[in-house]
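Engineer: Numbering follows my numbering, in which position 87 of the sequence shown is assigned residue number 94; successive positions increment by one, without gaps. Ideal placement from N, C-alpha and C gives every residue a C-beta, glycine not left out. Quick caveat, the model's predicted, so the values are computed rather than measured.
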Amino acid sequence: MNKITYKDLKKYISENRMERIDKILESRTRDICVLLENIYQPHNFNAVLRTCDNLGIQDIYCINSEKNTKTAKNVSLGSEKWITIKEKTKSETVENFLKKIKKKGYELIGTSPHIQGKTESITNFKAPKKFVIAFGNEEKGLSNELIKHCDKLINIPMFGFSESYNISVTCAITLSLITIKLREKKKVSKLSNKEKGILRLEWYKKSIKNSNLIIKRLEKE
C-alpha cells in the first residue's frame, strides 16, 4: 500500500485553491493556542473556532466540550474544519492534560474579570514566547481548578454595567488585541515545513470531493 502525500492529490485540486492553502499556511502559528473549558453553547464554540482561523491560530485544546467538538468535526462547511482540535480524554485528569501542554513549552494564561487584584489588564500583557489562552464557560468562567494552574490571569477593561462579555466576544477581543500586536512586531513563529506538509495534506483532502475514494484508489496503485 502506497503512502499518500499532498503531492499525489495536486491534480485533483485547482491552482487557485492550492495557492490559497499555501498562503494561509504561511500565516499559521502554534506559538499562540486557545483552551476552552466547559463551553456548552455550540454557536459560541464555533464562533471561537472562526476567530482562531481568521487570526491564524491553528490549535485549540478542549476540556469537557465533547458535544461541541463532535459537532464541529461533523460540520462540512465553514472554518471549523481548518482548525486542529485537541481534546482531554474522559479518563485523563485536568491536571495531567495541562501538564502535557506545559511540557511543550507553553505558559497558561487565564482570562477572568472576577479575581480582584490577581488579574492584569490585557493592555499591559507582555506575551511569552509560547502561550495558551484559556477561556471558561458562558456562566461561571474558568473553574478554580484550571485557574490554579494558570501562570498569569488577564482581563479586558470594562466601562459599563455588565460584569463580562459573552465568551465569543471575549475571545475575539482578547485574541485580536494580542495576536495582531505580536504579528506587527514579527514575534509570531511560522509552522515548520513538516507541520505545513501535514496540514496541507489534510486540507487537500477536505477540499476535494470524495477524497476518501480517491485516496483508497491511489493507495492500491
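Can you find the residues in the same chain that come closer than 6 Å, C-beta to C-beta, to Leu198, ignoring five residues on each side of it along the sequence?
Structural biologist: Arg35, listed in sequence order.
Engineer: Excluding sequence positions up to five away, which residues of its chain have a Cβ less than 8 Å from the Cβ of Glu127?
Structural biologist: Lys159, Leu160, Ile161, Asn162
Engineer: Hey, which unbroken runs of the beta strand (DSSP E) at 3 residues or more fall wholly within the region 127-179?
Structural biologist: 138-142, 159-162
Engineer: Can you round the beta-carbon distance between Ala174 and Ile46 to whole angstroms, since I take them to be within the 8 Å contact cut?
Structural biologist: Looking at the sequence provided, one finds Ile at residue 174 rather than Ala. At roughly 7 Å, the Cβ-Cβ gap stays under 8 Å, so Ile174 and Ile46 are in contact.
Engineer: CA-CA distance, Thr100 and Ile92?
Structural biologist: C-alpha separation (whole angstroms): 18 Å.
Engineer: What first and last residue would you give for the alpha helix (DSSP H) that runs through Thr58?
Structural biologist: For Thr58, the enclosing alpha helix (DSSP H) begins and ends at 49-62.
Engineer: Buried or exposed: Lys216, going by 16 or more other Cβ atoms within 10 Å of its Cβ?
Structural biologist: exposed
Engineer: Which of the three DSSP states, helix, strand or coil, is assigned to Asn90?
Structural biologist: Just to set this straight, residue 90 is Ile in the shown sequence, not Asn. Coil at Ile90, not helix or strand.
Engineer: Would you kindly report the start and end of the unbroken beta strand (DSSP E) that includes Ile46?
Structural biologist: Neither: Ile46 is in no beta strand (DSSP E) and is coded neither H nor E.
Engineer: Quick one: grab the DSSP three-state call for Val195.
Structural biologist: coil
Engineer: Between the alpha carbons of Cys59 and Ile67, how many angstroms are there, rounded?
Structural biologist: 8 Å
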